[in-house]
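In the numbering used here, the protein residues as written are 687 to 842.
Ideal Cβ positions, reconstructed from N, Cα and C, are used throughout, including at glycine.
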C-alpha cells in the first residue's frame with residue numbers, strides 16, 4: 687500500500703464492520719515511558735486474533751515483528767528501548783475521530799487492492815463483491831478537520 691495502511695483499514699472496517707488496531711512505538715526510558723501519538727501501522731482486527739492489511743490475513747505478532755526493525759531506528763536516546771503499544775477502535779468513525787486521519791481515498795485504496803487475490807479472496811469469503819466495496823463510499827466517516835491534508839505519520 688505504500689503508506690496508506692490507514693485508508694485501507696478505514697475502508698475494510700467500513701465494509702466488514704471489524705475493528706481497527708493501530709500500532710504505536712513506545713519509547714521506554716529510565717525516567718518515564720512515552721508513547722508516540724502517531725501510529726506506525728494500522729490493521730483490521732479479526733475475530734480469531736489475526737489481522738488484515740495489504741499483505742493479507744496474518745498474525746498480529748508477525749506484523750509487530752515486521753515493524754520491529756523500523757521501531758528500533760526511532761530510538762531518540764542511547765538509554766532507551768523501544769516496544770509497541772496497540773490501540774483498538776471499534777469502528778472506522780471512532781478511528782477517524784481519534785486520529786484525525788482523512789478517510790478520503792479509502793474506497794479507492796480498497797478497490798485497488800481488490801485486484802490482489804488475498805484481499806479479494808478474504809472479502810469474497812465474507813460475501814462481499816467489488817460493487818459492495820465501491821458502494822461503501824457513502825458509509826465512510828468524515829474527518830472533522832476540513833484543513834486536514836491527510837494522514838498521521840504512516841509507514842505501513
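The C-beta separation of residue 743 from residue 758 comes to about 26 Å, leaving the pair out of contact by the 8 Å criterion. By the Cβ neighbour-count rule, residue 716 is exposed, with fewer than 16 other Cβ atoms within 10 Å of its own. Shown here for residue 702: same chain residues with a beta carbon closer than 8 Å to its own, the five before and five after excluded, namely 730, 809, 812 and 814 in chain order. In this structure, residue 799 lies away from residue 753, with their beta-carbon atoms at least 8 Å apart. Linking residue 783 to residue 803 through their CA atoms gives a straight-line distance of about 31 Å. When the five nearest sequence neighbours on each side are left out, the beta carbons in the same chain lying within less than 7 Å of the beta carbon of residue 818 are those of 701, in order along the chain. In terms of Cα proximity to residue 732, the closest of 770, 740, 745 and 762 is 745. By the criterion of a C-beta distance shorter than 6 Å, residue 771 is surrounded in its chain by 710, 712 and 721, once the five residues flanking it on both sides are discounted.
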